[in-house]
Amino acid sequence: MWTDIVMVLLILTNMMVLGSSRLRACIRIVATQGVALGILPLLLHNFELHILIFTIISVILKGVVFPLMLLRTLRQLNVWREDDPYVGYGKSLLAGPIVLAFSYWISTRLPMPFTIESPMLIPVAFFTLIVGLFLIVSRKKALTQVLGYLVLENGIYAFGMAIANQQPMLIELGTLLDVFVGVFVMGIAIFHISRQFDHIDTDQLSVLKD
Amino acid sequence: MIWALILIPFCASLLSLLIRSDNLRRYLLVGAAIGHSVIMTLSWTRNFLPILNGWFAIDLIAQLFLSISSFLFLMTSFYAVRYLKNEKHDGKKDFEEEKFFVNAPEAVFTACLLMFLAMMTMVVSSQHFGILWVTMEATTLVTAPLIYFHRHHRSLEATWKYLLICSVGIAVSLLGNFFLAIAASAHNGVSIPLMRSDLIAAGSQLWTPWVKAAFIFFLVGYGTKMGLAPLHTWLPDAHSESPSLVSALLSGALLNCAFVGILRAFEVTAAAGQIAFAQDLLIMFGLVSMLFAAVFVIGQADYKRMLAYSSVEHMGILALGVGLGGTAVFGSMFHAINHSLTKAGLFLIAGNILAAYKTKNAANVRGLLSTIPASGLLWVAGILAITGFPPFGIFLSEFVILKAAIDQGRYAIVIAYLILLAIIFIGISAIALRMAQGKSIKPVEVKSERASSFLPPAILLTATLALGIYVPTHLSDVLHTIASLLGGY
């Protein structure tokens, strides 16, 4: 039951981040999504100490550290809105349900060799993943692209939850650490971009080409 | 001993952040590089014990690729001492746009350089697919500050593209890891750990559809980092905007690391009985990469970008060689050595040219042989080597791959391969050889060339020349054994 609520929450946050132009709101939505995902291991697996520790670490990182880092960057930059993305918000919102339907279809085509706790997990993971990729390619602001990267990682993380029994937790921790450093380095890069260009629109990063 | 390989550069990296004296830090860089390569040399005569439950071990593939990386790093570190001395200034004029820019702090640069070596050691020696992934992502993150050493907007643009494209690529390969984990979940409830040796031993028990899916995702994900077209888009920007010694390491060592990732996935796919599927994909990516390189190298205005596209070409040849199977796999492994040596040497010389002429535009560089004779001569030799001219090693390895394709009777591939090689040969030599001849157009202030700036590339190019003339038996045995692991001989 709780797992399904988390799944619905994931779908909703994906739709919201597709339709929202305010960067601060987007950061909060992705944070909510991160927290929802973070508690997923506790719901899916039997209670064990290392799972609890893992849950706490990922909730703190995804729900507190990442959003604080990004909000801090936002304050330094004084940029609050994504004004005209490559794909408009109406079209993005329309694309959402289509992608969701596609994700359900593709997950019926991929037979799992073992049973998964929630039948929604795989399609929702695919949905989150595609939404992340979509955000990276359809938005101009560097910050929104980082958010897209986080959503993409969330999707992969959700997928990983389905098969967590096959993987040692240490690897998952390493993954989280990489994402953490990744967001950190990207945050620094965004800061430098805004100082060099006076904005963070990546479509202006077009000097280098053939 | 593997601990030492990882910890020497790791600790040196942390130390270099603490050291205040620039000179001492440069000695530390060279010292760590020497220590690493001495231990790597030892690995050819004795076996190193695996560490951490076998997560890290020096198998043959690791031995080969880590030796290449270690040697390149040693040469680049010699080069780096002089380079860092010259780059010590508080803001100077950018020669392309006449704007002022500063460099990143030298301590950070050195620390990232050393951490890069530590991470490469871990990538190449890791036997667990998860660890491989984690450390591969770490190499992306530590090299990003290296590309952004010159703090101007072009290098920033290159860094941003590099970060975003490679991170997405690596995220895709994480999905490949998960697919592999699904493939390894056995029928009777006991799943196989994602260790390379366990997966290969249990090859026939893996679920084939998921192994295939995993290989595709690994190929796309790590292929992005390796620079296989059409996923190579970050590569020309990053290689042309980063300092030349970083370009040398990116091209000669980092791309190989990603190639190792693909090879590991290839081994498992082959063990699961899907070798033909994986080979076809590699051939396709290989030829497409060569095609992209051929299209973009013709008339390329920027000589560092030209070298970057040549890297795309050679990565394509590596993939093609493994894809063809048979003796071509041996050729591909041999090609990896030759390409790394030659390309790293060429990028270091490109750095010398850039320092003397202050332009990356090939049309503005004339008369290399008369203005900076040592570098000019090496440039000509390097260009001949990289385009596959005998007696350099690349000629030999490209020829082995060609011969394997002919022996297999795959004439369509033979024709495409030869035409693309010819186009790239013409494209590169037309741009680069013109730079060597004639008289310099604009006055160049050239101080006498320093040995520290031309000796490292000279050693690298001599090594590839030597390999073209004589391949040591021990080395060729190792290459043949690796080839037999990868479905060739």
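Taken in sequence, the protein lines are chains A and B. The opening residue of the first sequence carries number 1 in this note's numbering; numbering runs sequentially from there. The opening residue of the second sequence carries number 1001 in this note's numbering; numbering runs sequentially from there. Glycine residues also receive a C-beta, built at the ideal position from the N, C-alpha and C atoms.
Express the C-alpha separation of residue j and residue i in angstroms, rounding to a whole number.
{"i": "B:SER1067", "j": "B:ALA1033", "result": "12 angstroms"}
{"i": "B:ILE1192", "j": "A:MET112", "result": "16 angstroms"}
{"i": "B:GLY1345", "j": "B:SER1452", "result": "13 angstroms"}
{"i": "B:VAL1458", "j": "B:LEU1378", "result": "The sequence given here has Ala at residue 1458 of chain B, not Val. Rounded to the nearest angstrom, the two C-alpha atoms are 7 angstroms apart."}
{"i": "B:ALA1350", "j": "B:ILE1426", "result": "19 angstroms"}
{"i": "A:TRP80", "j": "A:PHE66", "result": "17 angstroms"}
{"i": "B:MET1435", "j": "B:GLY1367", "result": "6 angstroms"}
{"i": "B:SER1251", "j": "B:THR1110", "result": "18 angstroms"}
{"i": "B:VAL1134", "j": "A:LEU176", "result": "9 angstroms"}
{"i": "B:PHE1179", "j": "A:PHE126", "result": "13 angstroms"}
{"i": "B:GLU1267", "j": "B:ALA1328", "result": "16 angstroms"}
{"i": "B:ARG1020", "j": "B:PRO1105", "result": "11 angstroms"}
{"i": "B:ALA1319", "j": "B:GLU1313", "result": "10 angstroms"}
{"i": "A:MET16", "j": "A:VAL87", "result": "15 angstroms"}
{"i": "B:ALA1355", "j": "B:GLU1087", "result": "10 angstroms"}
{"i": "B:ALA1181", "j": "B:GLN1279", "result": "22 angstroms"}
{"i": "B:LEU1421", "j": "B:ALA1294", "result": "8 angstroms"}
{"i": "A:LEU10", "j": "B:LYS1358", "result": "53 angstroms"}
{"i": "A:PHE114", "j": "B:SER1185", "result": "8 angstroms"}
{"i": "A:TRP105", "j": "B:ALA1183", "result": "21 angstroms"}
Mark residue i as exposed unless 16 or more other C-beta atoms lie within 10 angstroms of its C-beta, in which case mark it buried.
{"i": "A:GLY211", "result": "This structure cannot settle anything about residue 211 of chain A, because the visible part of chain A is limited to 1 through 210."}
{"i": "A:ASN78", "result": "exposed"}
{"i": "A:GLN76", "result": "exposed"}
{"i": "B:ALA1463", "result": "buried"}
{"i": "A:HIS50", "result": "exposed"}
{"i": "B:PRO1009", "result": "buried"}
{"i": "B:TRP1210", "result": "buried"}
{"i": "A:ILE213", "result": "An answer regarding residue 213 of chain A cannot be provided, because it is not within the stretch 1 to 210 covered by chain A."}
{"i": "B:LEU1255", "result": "buried"}
{"i": "B:GLY1491", "result": "This structure does not reach residue 1491 of chain B, given that chain B is present from 1001 up to 1489, and the question cannot be answered."}
{"i": "B:ILE1058", "result": "buried"}
{"i": "B:HIS959", "result": "A question about residue 959 of chain B goes unanswered here, because the residues of chain B that appear run from 1001 up to 1489."}
{"i": "B:TRP1160", "result": "buried"}
{"i": "B:LEU1199", "result": "buried"}
{"i": "B:ARG1450", "result": "exposed"}
{"i": "A:GLN145", "result": "buried"}
{"i": "B:ARG1154", "result": "buried"}
Let me check understanding here. Comparing Cα to Cα, which of the options lies closest to residue i?
{"i": "B:CYS1257", "options": "B:GLY1176, B:ASN1177 and B:LEU1117", "result": "B:LEU1117"}
{"i": "A:GLY19", "options": "A:PRO97, A:LEU177, A:SER58 and A:GLU172", "result": "A:PRO97"}
{"i": "A:LEU23", "options": "A:PHE134, A:GLU172 and A:LEU74", "result": "A:LEU74"}
{"i": "B:GLY1316", "options": "B:SER1126, B:HIS1335 and B:HIS1089", "result": "B:HIS1335"}
{"i": "B:ALA1004", "options": "B:ASP1022, B:SER1125 and B:PHE1100", "result": "B:SER1125"}
{"i": "B:HIS1480", "options": "B:LEU1052, B:MET1040, B:ARG1020 and B:ILE1061", "result": "B:ILE1061"}
{"i": "B:LYS1225", "options": "B:ALA1144, B:PRO1391, B:ASP1280 and B:ALA1181", "result": "B:ALA1144"}
{"i": "B:ALA1430", "options": "B:PHE1392, B:GLY1393, B:MET1306 and B:PHE1395", "result": "B:MET1306"}
{"i": "A:THR13", "options": "A:VAL146, A:HIS45, A:MET161 and A:THR128", "result": "A:THR128"}
{"i": "B:SER1484", "options": "B:THR1140, B:SER1332 and B:ILE1441", "result": "B:SER1332"}
{"i": "B:ALA1432", "options": "B:ALA1404, B:PHE1056 and B:ILE1298", "result": "B:ILE1298"}
{"i": "A:LEU173", "options": "A:LEU61, A:ALA142 and A:LEU208", "result": "A:LEU61"}
{"i": "B:THR1514", "options": "B:MET1136, B:ALA1276 and B:LEU1245", "result": "The requested residue 1514 of chain B does not occur in the structure, where chain B is confined to residues 1001 to 1489."}
{"i": "B:SER1013", "options": "B:PHE1389, B:VAL1365 and B:CYS1112", "result": "B:CYS1112"}
Looking only at DSSP bridge pairs, what is residue i linked to?
{"i": "B:HIS1128", "result": "B:MET1195"}
{"i": "A:LYS141", "result": "A:ASP201"}
{"i": "B:ILE1051", "result": "B:PHE1056"}
{"i": "B:GLY1326", "result": "B:GLY1488"}
{"i": "B:HIS1150", "result": "B:ASN1103"}
{"i": "B:ASN1361", "result": "B:ASP1302"}
{"i": "A:ARG22", "result": "A:ARG81"}
{"i": "B:LYS1403", "result": "Paired residue(s): none; B:LYS1403 is not in a bridge."}
{"i": "B:LYS1093", "result": "B:PHE1100"}
How about residue i: is its C-beta nearer than 8 angstroms to some C-beta of chain E?
{"i": "B:ARG1264", "result": "In the structure shown, chain E cannot be found, because the protein chains are A and B."}
Open item on the list: Does the structure place the stretch 1363-1382 of chain B close enough to the stretch 1397-1415 of chain B that three or more beta carbon pairs sit under 8 angstroms?
Closed with: In this structure the stretch 1397-1415 of chain B does not touch the stretch 1363-1382 of chain B; the number of beta carbon pairs closer than 8 angstroms is below three.
TODO: Please confirm if the stretch 1331-1350 of chain B is in contact with the stretch 1056-1072 of chain B, defined as three or more CB-CB distances below 8 angstroms between the two stretches.
DONE: Yes, the stretch 1331-1350 of chain B touches the stretch 1056-1072 of chain B.
Task: Segment contact flag, the stretch 1160-1167 of chain B with the stretch 1195-1206 of chain B, C-beta cutoff 8 angstroms, min 3 pairs - done: With the rule of 3 Cβ pairs closer than 8 angstroms, the stretch 1160-1167 of chain B does not count as touching the stretch 1195-1206 of chain B.
- [ ] Determine contact between the stretch 1322-1333 of chain B and the stretch 1230-1242 of chain B, defined as no fewer than three beta-carbon pairs at a distance below 8 angstroms.
- [x] Because the criterion of three Cβ pairs below 8 angstroms is not met, the stretch 1322-1333 of chain B and the stretch 1230-1242 of chain B do not touch.
- [ ] Take every Cβ of the stretch 116-123 of chain A, pair it with every Cβ of the stretch 1-12 of chain A, and state whether three or more of those distances are shorter than 8 angstroms.
- [x] Under the Cβ criterion (8 angstroms, minimum of three pairs), the stretch 116-123 of chain A counts as touching the stretch 1-12 of chain A.
Task: Cβ pair count under 8 angstroms reaching 3, the stretch 1218-1234 of chain B against the stretch 1050-1059 of chain B - done: The stretch 1218-1234 of chain B makes no contact with the stretch 1050-1059 of chain B; the number of CB pairs closer than 8 angstroms stays below 3.
Open item on the list: Count Cβ pairs between the stretch 154-164 of chain A and the stretch 27-41 of chain A that sit closer than 8 angstroms; are there 3 or more?
Closed with: A contact exists between the stretch 154-164 of chain A and the stretch 27-41 of chain A.
- [ ] Spell out a yes or no on whether the stretch 50-60 of chain A and the stretch 83-95 of chain A are touching, meaning 3 or more CB-CB pairs, one atom from each, closer than 8 angstroms.
- [x] Flag = no, the stretch 50-60 of chain A and the stretch 83-95 of chain A do not touch.
Open item on the list: Using 8 angstroms as the cut-off, can you tell me whether the stretch 1038-1050 of chain B makes contact with the stretch 194-207 of chain A, which would need three or more C-beta pairs spanning the two stretches below that distance?
Closed with: The stretch 194-207 of chain A and the stretch 1038-1050 of chain B do not touch, with fewer than three beta-carbon pairs separated by less than 8 angstroms.
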